Structure formats: structure tokens, C-alpha cells
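If you read the sequence shown in this note's numbering, its first letter stands for residue 1, the second for the next number, and so on.
For glycine and all other residues, C-beta sits at the position ideal for the given N, C-alpha and C.
Just so we're clear, the structure is a prediction, and the values are computed from it rather than from any experiment.
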Amino acid sequence: MELGNLKVANMVMLGAYIEVLNIFKSDDIIEVLKKLFGEGKAHLIDVNKSALEIGSKNAK
1 MELGNLKVAN MVMLGAYIEV LNIFKSDDII EVLKKLFGEG KAHLIDVNKS
51 ALEIGSKNAK
């Protein structure tokens with residue numbers, strides 16, 4: 001809710017997950033999202049990046 005979009009709750013959880021397991025970096029996930037979203041959904045990258053960061057911070 002902090003981000004104003006409940007649809008990114010899964011990204012918050014993913015951020016916490018990758019922080020705990022240390023198997024990927026958030027930047028790796030963002031690069032994959034850029035490829036998947038393409039130009040049409042590029043505006044969603046920032047909110048997803050913020051969600052990953054929040055999850056990562058809360059996992060510590």
C-alpha cells in the first residue's frame with residue numbers, strides 16, 4: 001500500500017526472498033522485467049523496482 005499499488009505485493013515478497021537467499025540481485029530482476037515488459041509497459045519498471053527495494057529492506 002505504501003507504493004499505491006497492491007498489484008506489486010508479489011514484487012515486495014520477491015525482494016525479501018532474493019535478499020534472504022542471495023541467489024539473484026534486484027538489478028537482475030529489473031533487467032528481466034525490462035525485457036518482458038518491453039516499451040509498452042516500461043512505465044511499470046519504477047514501481048516494481050521500488051517494491052523489490054522495500055522487500056529487500058524489510059527482510060533484513
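Would residue i and residue j be called neighbours here (beta carbons separated by less than 8 Å)?
i: residue 15; j: residue 54; result: yes
i: residue 26; j: residue 50; result: no
i: residue 59; j: residue 8; result: no
Ignore the nearest five residues each way along the sequence and tell me which others in residue i's own chain have a CB closer than 6 Å to its CB.
i: residue 18; result: 24
i: residue 11; result: 48, 51 and 52
i: residue 31; result: none
i: residue 41; result: none
Go ahead and pull the three-state DSSP assignment for residue i.
i: residue 39; result: helix
i: residue 49; result: helix
i: residue 34; result: helix
In the DSSP assignment, find the unbroken alpha helix (DSSP H) run with residue i in it and report its ends.
i: residue 64; result: Given that the chain is displayed from residue 1 to residue 60, the structure contains no residue 64 and the question cannot be resolved.
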